[in-house]
Amino acid sequence: MQRLLIICGPTATGKTALAVRLAKQFGGALISADSRQVYRGMDVGTGKDLQGKFKIQKSKVKIRYHNKTYTLFAYDICGVPLWMYDVVDPNEDFSVAQYQALARRVIDGIVNRGKLPIVVGGTGLYIQSLVQSIDTANIPPNARLRSRLSKLTNERLQEKLQKLAPDVWLQLNNSDQNNPRRLVRKIEIASQKHQSRQKETAGYDALVIGLTAPNELLYSKVDERVDKRVKEGILHEISSLLDKGYTWDMPSMSALGYKEWKPYFSSPTCDKEGLAQDIIQQWKFDEHAYARRQMTWFKKQSNVVWFDITKRGFVKDVARHIAAWYTGLQ
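Using the UniProt record's numbering, the first residue of the sequence shown is number 1, and each one after it goes up by one.
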């Protein structure tokens, strides 16, 4: 069975840095599991940190999925390939089913090259789609259910999804939580899965490593990261996206780090500096809340082996645990 290493946890726990280190130690390649980083041209706000990184041109692959061809590249990060950045344009939807299909193809390619695939990120449903048999794309529309749901208010749809699939609800951003069409589809999928329980394996021998830290430290790291992204030019990036015709109602623009800035670009206020400071603070609060939601979601997953990043020597402990699993001694 194919080995699959997963590094997960809330934002700002140093997942990518650890994954790069582990990839060098165990001969691996990385696959991003971040729903914000799949969008091209959205680099600063999503924390891709592309400065000093470059596309590995010879890594180019074309993958056909549902009558669409996706062209993927790996980025070089300190000598380690990282996949699943820049998959679609900001005006395109990108679902868990699409991620699952493309990421599995990438994983197969990594394995065929004799490397260890290492998934790294904080989007729980993306990770879950790789270790469980979630085939949402093949769940057909249920006309009768849709007819019943169409009569419900948005609040009732939210309540129904929270009761039926709380894990799915926790992963939705604010835009999706208030989008009746998306809520109906999520309920439709969850209802089908409830009727036929999903199988726990998707053909991988997966080791899931979770990184955690006290909230106070996480919030401090998040705040530093937000300030860094402001300095790196988030305003210029958003302005460029709007100039290209992308609009605030697109799913990509509802992502953290972008949606908060809508009043800045829409408001006629003269006190732009004061407004910017308010937005930056709100962005930090939103990221704090997101980190808590991530932690709540991941803590419900029984297969995660947790490591506290504040513990001395935790990196060596992680490496030892992986080595035992990878060499078959565990």
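Don't be surprised by glycine CBs; every beta carbon is placed ideally from N, CA and C.
Small disclaimer: the values here were computed from a predicted structure and weren't measured.
Enumerate, from N- to C-terminal direction, the unbroken alpha helix (DSSP H) stretches of 4 or more residues contained entirely within the segment 6 to 87. 15 to 26
Beta-carbon separation of G79 and K24 under 9 Å? It is a contact, given that the beta carbons lie within the stated cut-off.
What distance in whole Å lies between the Cβ atoms of A291 and T11, which are believed to be in contact at a cut-off of 8 Å? 5 Å
From which residue to which residue does the beta strand (DSSP E) around W248 run? Careful: W248 lies outside any beta strand (DSSP E) and carries neither H nor E.
When the Cα atoms are used, what is the spatial distance from Y39 to G210? Cα to Cα, the separation comes out at about 25 Å.
CA nearest to the CA of G9, picked from G114, D86 and V119: V119
Whose C-alpha, out of Y85, R64, H66 and I309, is nearest the C-alpha of A74? Y85
For D271 and chain B, any beta-carbon pair shorter than 9 Å? Of the protein chains in the structure, only one exists, and it is not chain B.
Please confirm whether V44 and G245 have their CB atoms less than 9 Å apart. Contact flag unset, no.
Using three-state DSSP, classify L152 as helix, strand or coil. coil
Taking the straight line between their C-alpha atoms, what separation do you get for K186 and L275? 35 Å
Looking at the strands, I want to know which residues DSSP matches up with V111. In the DSSP output, where bridge partners are listed per residue, V111 has none listed.
Proximity of F265 and S239 at Cβ, strictly below 9 Å: yes
Check the C-beta distance from Q98 over to Y126 and give it rounded, since I have them as a contact under 8 Å. Between Y126 and Q98 the Cβ distance is about 10 Å, and since that is not below 8 Å, they are no contact.
Applying the 10 Å Cβ sphere with the 16-neighbour rule, what's the burial state of N179? buried
Please say whether P90 and I56 have beta carbons closer to each other than 9 Å? no
Considering only C-alpha positions, which residue in the set Q277, L145, V318 and N215 is nearest to M295? N215
Whole-angstrom Cβ separation of G122 and S32, contact assumed at under 8 Å? That pair is no contact at about 10 Å.
Where does G274 fall in DSSP's three states? helix
Distance check for Q192 and S267, CA to CA, integer angstroms please. 44 Å
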